[in-house]
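Residue numbers (numbering that gives the first Met the number 0), protein chains in the order written: chain A, 0 to 508; chain B, 0 to 645. Idealized CB from N, CA, C, for every residue including glycine. Owing to the predicted nature of the structure, the values given are computational and were not obtained by experimental measurement.
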Amino acid sequence: MRAPNIDYAQLLPVLVVFGVAVIGVLVEAFVSRENRRTIQVPLAFAGIVASFITLFFVGKTPRTPAVGALGLDTPTVFIQGTILLLAFVSMLLIAERRVDGGGPFVAEAAALPGSEEERRLLQAGAQHTEVYPLVMFSVGGMLLFPESDDLLIMFVALEVLSLPLYLLCGLARRRRLLSQEAALKYFLLGAFSSGFFVYGIALLYGYAGTVRLSGIAQAAGSATGSDILLYAGIALVGVGLLFKIGAVPFHGWTPDVYQGAPTAVTAFMSACTKVAAFGATLRVFYVAFGGMRWDWRPMMWVIAVLTMVIGSVLAITQTDVKRMLAYSTIAHTGFILTAVVATSTQGLSSAMFYLAAYGFSSVGAFAIVTLVRDGGGEANHLSRWVGLGRRSPLVAGMFAFFLLAFAGIPLTSGFTGKYVVFLAAANGGALPLVVVGLLASAAAAFFYVRVIVLMFFQQPNEDAATVAVPSAYTSVAIGLGVLVTVVLGVVPGPVLQLAQDAARNLFVG
Amino acid sequence: MSSGGVALAAPIHPAVASGAFSLTWLLVALPLASAAVLLFGGRRTDRWGHLLGCASVIASFVVGLAIFTALLGHDAGDRSIAQHIFTWALVGKFEVAWGFLVDPLSICFVLLITGVGGIIHVYSIGYMAHDPERRRFFAYLNLFVAAMLLLVLGDNYLMLYIGWEGVGLASYLLIGFWQHRNSAAVAAKKAFVVNRVGDLGLSVAVFLMFSTFGAVSFTGVFNGIDQASHGAVTAIGLLILLGACGKSAQVPLQSWLLDAMEGPTPVSALIHAATMVTAGVYVIVRSNPIFDAAPTAQLAVTVVGAVTLLFGAFIGCAKDDIKKSLAGSTMSQIGYMHLAAGLGPAGYAFAIAHLLGHGFFKASLFLGAGSVMHATDDQVNMRRFGALRRKMPITFWTFILAWAAIIGIPLLAGWWTKDRIVEAAFAHGPVAGWLLGGAAALGVIVTSFYMTRMIIMTFFGKERWEDDVHPHESPAVMTVPLILLSIGSVFGGWFLIGGQRLPSFLAPVVGPLKESRLPFSSIVLDIGLPVLVLLGILLAVAMYVRRPVPVVPPAGNVLVRAGRRDLYGDAFNEAVFMRPGQYLTRTLVYFDAHVVDGVVNGVAALVGGASSRWRRTETGFVRSYALSMLLGAAMVSILVLIVVVL
Chain A
0 MRAPNIDYAQ LLPVLVVFGV AVIGVLVEAF VSRENRRTIQ VPLAFAGIVA
50 SFITLFFVGK TPRTPAVGAL GLDTPTVFIQ GTILLLAFVS MLLIAERRVD
100 GGGPFVAEAA ALPGSEEERR LLQAGAQHTE VYPLVMFSVG GMLLFPESDD
150 LLIMFVALEV LSLPLYLLCG LARRRRLLSQ EAALKYFLLG AFSSGFFVYG
200 IALLYGYAGT VRLSGIAQAA GSATGSDILL YAGIALVGVG LLFKIGAVPF
250 HGWTPDVYQG APTAVTAFMS ACTKVAAFGA TLRVFYVAFG GMRWDWRPMM
300 WVIAVLTMVI GSVLAITQTD VKRMLAYSTI AHTGFILTAV VATSTQGLSS
350 AMFYLAAYGF SSVGAFAIVT LVRDGGGEAN HLSRWVGLGR RSPLVAGMFA
400 FFLLAFAGIP LTSGFTGKYV VFLAAANGGA LPLVVVGLLA SAAAAFFYVR
450 VIVLMFFQQP NEDAATVAVP SAYTSVAIGL GVLVTVVLGV VPGPVLQLAQ
500 DAARNLFVG
Chain B
0 MSSGGVALAA PIHPAVASGA FSLTWLLVAL PLASAAVLLF GGRRTDRWGH
50 LLGCASVIAS FVVGLAIFTA LLGHDAGDRS IAQHIFTWAL VGKFEVAWGF
100 LVDPLSICFV LLITGVGGII HVYSIGYMAH DPERRRFFAY LNLFVAAMLL
150 LVLGDNYLML YIGWEGVGLA SYLLIGFWQH RNSAAVAAKK AFVVNRVGDL
200 GLSVAVFLMF STFGAVSFTG VFNGIDQASH GAVTAIGLLI LLGACGKSAQ
250 VPLQSWLLDA MEGPTPVSAL IHAATMVTAG VYVIVRSNPI FDAAPTAQLA
300 VTVVGAVTLL FGAFIGCAKD DIKKSLAGST MSQIGYMHLA AGLGPAGYAF
350 AIAHLLGHGF FKASLFLGAG SVMHATDDQV NMRRFGALRR KMPITFWTFI
400 LAWAAIIGIP LLAGWWTKDR IVEAAFAHGP VAGWLLGGAA ALGVIVTSFY
450 MTRMIIMTFF GKERWEDDVH PHESPAVMTV PLILLSIGSV FGGWFLIGGQ
500 RLPSFLAPVV GPLKESRLPF SSIVLDIGLP VLVLLGILLA VAMYVRRPVP
550 VVPPAGNVLV RAGRRDLYGD AFNEAVFMRP GQYLTRTLVY FDAHVVDGVV
600 NGVAALVGGA SSRWRRTETG FVRSYALSML LGAAMVSILV LIVVVL
């Protein structure tokens, strides 16, 4: 076997991110504690921006950087661009310090919750700056995940993106036990799903004799090996991917982890992880299993219906705003799955548009969650949000706007997104799915509107939460969220065109 | 299909904007930006807000002039320039672009809107000087100008519709500007509701265009008319007419305009006289290929125009409120424009000419009325005026010039434009010509009567104002605009029609002017119409000069009472639409509360119940989540394998 010929220029966007992550680790090792943040924050932002710029140049003429392992093509460039933009916005939340003195992260992850040491560190204003390299490693994994043309590389990318996330989930400054519990749950279930994924890879290797996506497609076309191996492989690889995107019945972790993780990390996961995982799912199901779409579509139908219905219905009785948003995310996953079922250029472009649109709204919504607080940190129980619109009309108004976008009200990006995915699904022959999707949207609209009613039309309680005044970081993140949600709702044309152009070639084999 | 004009207005393929034309977007953007600054800037902008408001419109006017000059530099056939801003929506083959179209028709409106609009903005500085909310007033006026420019500059019906709704919004906000007055709030609501009816017509017209032509751009629609069915084109034409009736206060959707006079007088002048209410004429003239291909729709337009011109004139005679009398007059004059627009290529140019001339003299009349009101503590009852000519000479003389222009004193604006419409109406076939022409000629005498009545009651006779009122001439910031508008009233008609300037300028858009062939010698009209005008004047003099005007209105006969009640338009609406509507609403509410809510609540309870029950699956235990994943994996595998086995 020859060593692969690697086109480093094409890999630059990923390499820049990993490089910055490694530098970040070195900074942690060699720079004194009080100076770390001053270096880490600009470094992280610079890394993301630099990666985006290189992606811009590389993306003009995408080529395969490493034959048989990675495939850079126009849809991947779009997905990676989306990930980087969303990572930038999420990073703004992670870097926020004013809302909760010292930032949203624990001072020393190893300090026992409630211990004397923890209190001392908090008082000293210490902060955890390992967060930045961790996020960068995760972003690097996310960039690699949808670019992988080889299931093993994809598995490595999956782990690279997941491991830092497990850690990040456990680093909340407040309610540390909840946060650590979330991290452990996420880790255990993540490991469990990775098991399925690897087992699926093994089965597929057994069938096709290769782990390359195009190789699997080729083998399936020529019908040589045992079909049981192939179909079991599809199912198990599918389980691994569906876990990562949070589809029902692999969603159990989502509400618990979203609730426990620091909200900035939740925002990051709900936007970037989702885009990356969907990117990989689309690639695997379009490239490797594209020829067998008639075989896996019924399974995907069932998953999509379950995801839409359970996500929407369970959100109704939630009383915690982060859990509610988590179920909302699950419902949205279901909507995007309808486009995956379509298996067409239209399905691909609409899913990509939806991901971009949803990501920005989601980060914006979670950003606002970080602002509504009381003495003990964020006030996430919905009863604390009653009457928010009377005291902080601007913040409550923007949150209401994001909720309307999630509900898919016209003139928001949510409407455009739903419109294009449902159109793609209907054209792909999945009209019943669209009907279920519309019904689920109607049910979902109920709980979004319920929160709006609660914020604007009810008298505030005694113990109502207050709204913290954020620094420029969070303000910019919310502003960008609102802006993108409006622009993609009112003038979706250019971005839609971009997604269509990107999807025209589907993925390279 | 009628052939005459269709072939003449050849398919248009606008050139791409460059040079001065690339500034087209600024026309809309300037007033819009100013409106945004004034609305979002809050009280901080109170001190200089009105100046910014005026400056933005005047700047827009200057840009308009530059574009106009550039347009004159092109050959007549190439005076259609499109500026593409961005693609708004792209669904399959259906594309809606956000683009502007500059051509002779739209530039006429641009100059009217920004020119007269600028003058009225300046006037408002004085008129609204004592209003604490003056900044908000200017913000709304700017918003109106931006929306109106969007309406006339859009290169497709969807943009036109956005502008259409935008001016409707601005009109609503400005009619109800003095919200503390209940009558103003009610009037605003009425204008809004009545306009909805018309807007529905226009929106359905746009839907029909989409389904018939697969396009909503002007070029897409007009170039597809030959292939479309006759019925569809007629339906589109009639629906556009319905929209035009709503916006232009034509019968049967006329009732809102009289109440709209509750707004501040500059608003009445700009929106409810000079510009917005003429949007109906614009959309009909703009859609000339549709109407040329649909004679039935054209006939309907002429009938609406003829009926309204008499209807409005009649109301104008009976009202004692100076603004309402002028509002009746506006309806009547716009009726003339519709009549002309319905006559096809023989009338389009005159409709626009009358529209432009009317913009000047009617704005002048309204601003004059505003000046009188300003001097008499906001009195609008003409029975409380009288002998104001010595107290306010500038207002008086400008009012006299506008009066002379509107009734059609030879050589002034109205004589040039209105008499051409009467002439064209008479020339419109044997039976229709006599009916339409007769109505138009009758309108001439009535117009002359009520306008003269207004002049006499306001400026002549004995002083009838109340004791504590001390009339005085208005400040220069109000009189100078009046003088500027008078220049238009005097010379506008000659400028537009003399030497056929406007008809030949508009020819690329609406087709060349069709020579009208009168059934009698043209001298009959040349002499007859001035005689009719004179008759109207004499009649008014006989009734209001020789007898003193009583302060308390006399009971009047049946006709006068009918006129005072707007010819029972409101009573009709109330009996035919409002009461059955209320009854229907009550029935629906009952149905909603007892049937629909039952179903909805049932479904909600079902979903809520499911949610509570399913929520028990959220145990928080990793082991149960892992179990559900395992079962899920089994389900996925089985589903995939089942499909294969089957």
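Query	Result
Does chain A have any CB closer than 8 Å to the CB of B/G607?	yes
May I ask which residues mark the beginning and end of the alpha helix (DSSP H) holding B/W402?	392 to 406
By the criterion of Cβ-Cβ separation under 8 Å, what are the contact partners of B/L89 in chain A?	G492, L495, Q496
Could you please give the first and the last residue of the uninterrupted beta strand (DSSP E) stretch that includes B/A96?	93 to 101
Could you say which of A/P41, A/L228, A/P12, A/G100 lies nearest to B/V643 if we only look at CA atoms?	A/L228
What's the C-alpha gap between B/I333 and B/M372?	25 Å
Which class does A/V489 belong to by DSSP, given the choice of helix, strand or coil?	helix
Just to confirm, are B/A272 and B/F365 a CB contact at a threshold of 8 Å?	yes
Measuring alpha carbon to alpha carbon, tell me which residue in B/I84, B/I112, B/R180 is nearest B/M158.	B/I84
Start and end of the beta strand (DSSP E) containing A/D373?	371 to 373
By how many angstroms is the C-alpha of A/A399 removed from the C-alpha of B/H12?	45 Å
According to DSSP, what are the bridge partners of A/V466?	A/V371
Could you spell out where the alpha helix (DSSP H) holding B/V551 opens and where it closes?	That residue, B/V551, is in no alpha helix (DSSP H); it is neither H nor E in DSSP.
Out of curiosity, what's the CA-to-CA distance linking B/G3 and B/V532?	Reliability of the predicted coordinates at B/G3 is poor, the pLDDT of 37 falling under 50, and the value obtained from them is presented with this limitation in mind. Each residue's alpha carbon lies about 34 Å from the other.
Less than 8 Å between CB atoms is the rule here; does A/I191 satisfy it with respect to chain B?	It is worth fixing the name first, because residue 191 of chain A is Phe in this sequence and not Ile. Chain B, which has a Cβ nearer than 8 Å to the Cβ of A/F191, makes this yes.
Can you look up A/Q345 in the DSSP assignment and give me helix, strand or coil?	helix
Under 7 Å Cβ-Cβ, which residues of chain A neighbour B/V639?	Y230, I233, A234, D294, W295, M298
Between the region 195 to 212 of chain A and the region 604 to 612 of chain B, can you find at least three pairs of beta-carbon atoms closer than 8 Å?	no
If we cut at 8 Å on Cβ distances, does B/G631 have a partner in chain A?	yes
So which residues on chain B does A/T316 lean against when the C-beta distance must stay under 9 Å?	G607, S610, S611, W613, R614
I need the DSSP call for A/V211, collapsed to helix, strand or coil.	What sits at residue 211 of chain A in the sequence shown is Arg, not Val. Strand.
Look up A/D521 in the DSSP assignment and say whether it is helix, strand or coil.	Chain A is shown only over 0 to 508; residue 521 of chain A falls outside these bounds and no answer can be derived.
Figure out for me which residue from A/F365, A/N460, A/D500 has the closest Cα to the Cα of A/G478.	A/F365
Please decide whether A/F195 counts as near chain B, where near means a Cβ-Cβ distance under 8 Å.	yes
Considering only their Cβ atoms, is the gap separating A/R296 from A/V340 smaller than 8 Å?	yes
Should B/M577 go down as buried or exposed, given a rule of 16 or more other Cβ atoms within 10 Å for buried?	exposed
Using three-state DSSP, classify B/T618 as helix, strand or coil.	coil
Note down, in chain order, every chain B residue with its Cβ under 8 Å from the Cβ of A/I309.	W613
Does the distance from the CB of B/A145 to the CB of B/P30 come in under 8 Å?	yes
Check A/E117 in the structure and name its three-state DSSP category.	helix
So, at 6 Å on beta carbons, what are the nonlocal neighbours of B/S488 in its own chain, with the 5 sequence-adjacent residues on each side left out?	F359, F360, S363, L400, A401, A404, A412
Give me the DSSP bridge partner(s) of B/D320.	B/N380
Of all the options B/L64, B/I80, B/V56, which has the alpha carbon lying nearest to the alpha carbon of B/S21?	B/I80
What is the residue span of the alpha helix (DSSP H) that B/Y567 lies within?	Segment: none, B/Y567 is in no alpha helix (DSSP H) and carries neither H nor E.
In angstroms, rounded to a whole number, what distance separates the CA positions of A/V26 and A/S348?	40 Å
What does A/A501 pair with, by DSSP beta-bridge criteria?	Its beta-bridge partners do not exist; DSSP assigns none.
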